[in-house]
Amino acid sequence: MASGLLLNRGVLTLGIHCQRVCRNVSVSQVREKKRWMKSYTHLMAKKLKLEGPPAPKPRSLQPHWEFHAEVQAFSSRLQENFSLEALKRAFINPCYLQAERERRRALGLDSETTALTLKDNIQLSEKGKGFTKSFLSDWCRANFPRLRREGVESVVAHLTSSPVVTYVARNLGIEDLTMSAECPVPDDVLHSTFMAVIGALEESSGAEQTGLFLRDFLSTQLIGKDLFDMWTVVDPMGLLVEELTQRDLPLPEPRLVRAAGASTVLPLYFVGLYSDKKLLAQGPGETLVAAEEEAARVALRKLYGYTENHRPFNFSPLQPHQQPLIQAVSSN
1 MASGLLLNRG VLTLGIHCQR VCRNVSVSQV REKKRWMKSY THLMAKKLKL EGPPAPKPRS
61 LQPHWEFHAE VQAFSSRLQE NFSLEALKRA FINPCYLQAE RERRRALGLD SETTALTLKD
121 NIQLSEKGKG FTKSFLSDWC RANFPRLRRE GVESVVAHLT SSPVVTYVAR NLGIEDLTMS
181 AECPVPDDVL HSTFMAVIGA LEESSGAEQT GLFLRDFLST QLIGKDLFDM WTVVDPMGLL
241 VEELTQRDLP LPEPRLVRAA GASTVLPLYF VGLYSDKKLL AQGPGETLVA AEEEAARVAL
301 RKLYGYTENH RPFNFSPLQP HQQPLIQAVS SN
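Counting with full-length UniProt numbering, you get residues 1 to 332 for the letters of the sequence shown.
What follows is the structure, given as structure tokens:
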């Protein structure tokens, strides 16, 4: 009984002491944002909505820019042995020189002062464009020896098209170094600049190293790409008949393999193509004609060796038996 009274008294004393301590502690509230932040943010958002986003500025007009150092860093980042003078010339486009002359003329400078000693990249661009098409054509023939000439030309046209080249150029940082009259850099100017960089690399390191550069950065854009997304074939069945005729094989015979939902709004047909009682390919379609055309495309992919499960491209260093390919390209 006495111990219980002592325990209750101790608890009561502790509670009174805690109340006294809590009265002496002052709690101060700290705001995470300043009072003026809300009105300032609202004003900036309203200004952006009225005036629109600011005009883009080229990298050369932004702080901490030095052209020589940037070009040298670009060469080191790609681990290529560029001639710095040739690489600098590759980034200078004719539109930039024309705009610079007009700007100096508008400042009232005489013709001798406005004259520029810089050279444009037209010659390097033409050189790089010719080498790129020649190398990619030989590379496609080496990797797809059974592909027709029209197919090789379509693949090369896709790899050298403006969307593919500009995508690679932007990811390599070429856009930041390109000297152009407009900002952002137009696709045609960026395309010619990339080809000029190829020309500068060939001039500096030779055809072999330039071929490896194109193989690593342009040929890789074929990964996951379907053949007939690049090569438009109007009549795949007619092309298949022509290919089988050239190979002295029996003509294909289309047969309905299976169907589903024929009486619904979403039917599905599978048509198989047989040659000499052997199944060449089969393809699906919403109609019999569409399924037959898809089956013909599948058969053509198998004939050309451009299937989804084809052998991966070889991006390893060149072996001695691959050297004649580069030498043949450089001699063209």
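Idealized CB from N, CA, C, for every residue including glycine.
Being a predicted model, the structure only gives us computed values, none of them experimental.
Asked	Found
Of the residues H64, F67, N93, the one placed nearest L190, counting alpha carbons only	N93
Any 3 or more C-beta pairs closer than 8 Å across the stretch 194–201 and the stretch 126–139	yes
Test item: CB-CB of R149 and G305 under 7 Å	no
Short Cβ contact (7 Å threshold) for S205 with N81	yes
Limits of the unbroken alpha helix (DSSP H) element including E308	Element bounds for E308: n/a, residue is neither H nor E.
Straight-line Cα distance separating A99 from C183	12 Å
For K133, three-class secondary structure by DSSP	helix
Under the three-state DSSP convention, the category E294 falls into	helix
Whole-angstrom C-beta distance between R301 and G283, which should lie under 8 Å	In fact, because the Cβ distance is near 10 Å, the residues do not count as touching under 8 Å.
Stretch pair the stretch 152–163 + the stretch 222–239: three plus CB contacts closer than 8 Å	yes
DSSP bridge partner residues for V234 (one or two, in chain order)	V234 is not bridged to any residue.
Cβ shell of K133 (< 8 Å), same chain only, five flanking positions each side left out	V156, T160
G52 classed as buried or exposed, judged by whether at least 16 other C-beta atoms fall within 10 angstroms	exposed
Proximity test, Cβ basis, 7 Å: D229 and chain C	Considering every chain present, this structure includes no chain C. It has just one protein chain.
Three-state secondary structure assigned by DSSP to R241	For the record, residue 241 in the displayed sequence is Val; it is not Arg. Helix at V241.
Neighbourhood of S137 by C-beta, 7 Å cutoff - its chain only, sequence neighbours within 5 removed	V152, V156
Between the CA atoms of V265 and L280 - distance to the nearest angstrom	29 Å
Cα-Cα separation, Q123 to C95	15 Å
Q282 (DSSP reduced to helix, strand or coil)	strand
Segments of 4+ residues assigned as alpha helix (DSSP H) that fall wholly inside the stretch 79–165	84–90, 94–106, 111–114, 122–143, 149–159
Backbone CA spacing between N309 and E292 [nearest angstrom]	22 Å
Test item: CB-CB of A86 and N121 under 7 Å	no
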